[in-house]
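Here's the structure, in structure tokens; my notes come after.
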Amino acid sequence: MSDASDFTLHTTTVDGDGSTVVFLHGLFGQGKNFTQIAKGLAEEHASLLVDLPNHGRSAWTEHLDYEQMADLIAAELRAGVASEGPVHLVGHSMGGKVAMVLALRHPDLIERLVVVDISPVASGGSRGEFEHLLDSLAQLDPRALASRREADEQLQEPIRSSMIRGFLLQSLVRDGDGFRWLSNLELLRSELDVIGGFPEQGDREFTGPVLWIAGAESDYIAEEHRPAMREHFPQAHLVRIKGAGHWVHAEQPEVFTSVLRRFLAAGG
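Going by the working numbering, 134 is the number at position 134 of the sequence shown; the sequence numbering is gapless.
Written as structure tokens, this is what we have:
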């Protein structure tokens, strides 16, 4: 699918004063994952929380493609919150890759870019973890579930972390007598190589200010990734947040919000 005109992209607005910040979540997530952060910025910024394609309440696609996702979101922004000028863009993990591609392909839409715990390189090291999570979810029969608690109980053995189970089960919603997944799990499983990759962008550059946030306990951003980041984003500045792994904004929300607020304020 390449025509953005017939694609439904679900977004939620968090009211606030000043310029708009657009948030893109990571794999398995939804725009609402950034609600707490958006509310923390409300005195200075309005926010737009986006459900990426194949996630949340946005439509599904036949294939997963970072450039397609970036173009779909760019069309939404151009017709909406960015119609009168550029916006700030924040993306975490897979959403960070979408955000980088969007900024490179549509730089006129973006004033300041924030990339959270991901790099513009292939990140194949996490494939095994995501395969395990997707295979575990595939073992559930959502139509046969009586409650989300029952789903949590069935996932306790394959997925030991209650935090991860809780995060994943946010995409399990009531549907008649049973449940269904909001995320397109079958497609995500078949496209893990694409999710872990990063599309070749040639000599494209985004020359605006970029904040590159890493969790100090995460290995998603490594020293060898810096050249690729500088090649496409020459103004990128890296900040590591202590006490945080890959889910930086969830593990250290107050610190994350403070760092984000200072970066956005520097734009005037």
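The beta-carbon is built from N, C-alpha and C at its ideal position, and this holds for glycine as well. As the structure is a computational prediction, the values presented were derived from the model and not from experiment.
State the DSSP-derived secondary structure class of D17, mapped to helix, strand or coil.
Looking at D17 - three-state DSSP - the assignment turns out to be coil, as it is neither helix nor strand.
Three-state secondary structure (DSSP) of R160
Coil, per DSSP.
Secondary structure, alpha helix (DSSP H): runs of 4+ residues fully inside the segment 110–182:
If we require 4 residues or more, the alpha helix (DSSP H) runs fully inside the segment 110–182 come out as 127–138, 148–155, 162–169.
Just to check my reading of the structure: R112 and H132 have Cβ atoms closer than 8 Å, yes? What is that Cβ distance to the nearest angstrom?
With a Cβ gap of about 36 Å, R112 and H132 do not count as contacting.
Which residues in the same chain as L192 place their Cβ atom closer than 7 Å to its Cβ, once the five residues preceding and following it in sequence are excluded?
So the qualifying residues of the chain are R127, F130, E131.
When we look at the beta-carbon of D51 and count the other beta-carbons within 10 Å, is it buried (16 or more) or exposed?
With 16 or more other Cβ atoms within 10 Å, it is buried.
Can you give me the C-alpha to C-alpha distance between E62 and L187, rounded to a whole angstrom?
Roughly 8 Å between the two C-alpha positions.
Hey, is R112 close to the ligand PLP, as in C-beta under 6 Å from one of its heavy atoms?
As far as ligands go, the structure on display features none, and thus does not contain the ligand PLP.
Can you tell which of L72, G31, I37, V255 has its C-alpha closest to the C-alpha of D8?
The sequence given here places Thr at residue 8; Asp does not occur at that position. When the alpha-carbon of T8 is set against those of L72, G31, I37, V255, the nearest one is in L72.
For R240, three-class secondary structure by DSSP
R240: strand per DSSP, three-state reduction.
State the Cα-Cα distance for the pair M1 and I241, rounded to the nearest angstrom.
In this predicted model, M1 has a pLDDT of only 41, less than 50, meaning its place in the structure is not dependable; the value taken from the coordinates is given anyway. Those two C-alpha atoms are separated by around 38 Å.
Can you have a look at E76 and say buried or exposed, based on whether 16 or more other CB atoms are within 10 angstroms of its CB?
With 16 or more other CB atoms across the displayed protein chains lying within 10 angstroms of its CB, E76 is buried.
Cβ separation of G29 and H55, assumed to be a contact under 8 Å, to the nearest whole Å:
So it is a contact: roughly 6 Å between Cβ atoms.
Can you name the residues that DSSP bridges to H88?
Note: H88 sits in a beta bridge opposite V21, R112.
Curious, which full-length beta strand (DSSP E) runs of at least 3 residues does the segment 38–102 contain?
Runs found: 46–50, 87–92.
Neighbourhood of D3 by C-beta, 6 Å cutoff - its chain only, sequence neighbours within 5 removed:
Per-residue confidence for D3 stands at a pLDDT of 48, beneath the threshold of 50, marking its modelled position as unreliable; the derived number appears in the next sentence. By the criterion of a C-beta distance shorter than 6 Å, D3 is surrounded by no residue of its chain, once the five residues flanking it on both sides are discounted.
Check whether the Cβ atoms of S119 and H225 sit closer than 7 Å, and answer yes or no.
Result yes, Cβ atoms of S119 and H225 sit closer than 7 Å.
Grab the span of the beta strand (DSSP E) containing A214 for me, first residue to last.
It spans 210–215 - the beta strand (DSSP E) in which A214 sits, taken as one unbroken run.
Can you give me the C-alpha to C-alpha distance between V326 and D175, rounded to a whole angstrom?
In the structure displayed, the chain extends from 1 to 268; residue 326 sits before or after that span and is not available.
Helix, strand or coil at T8 according to DSSP, with G and I counted as helix
Residue state, collapsed to three classes: coil.
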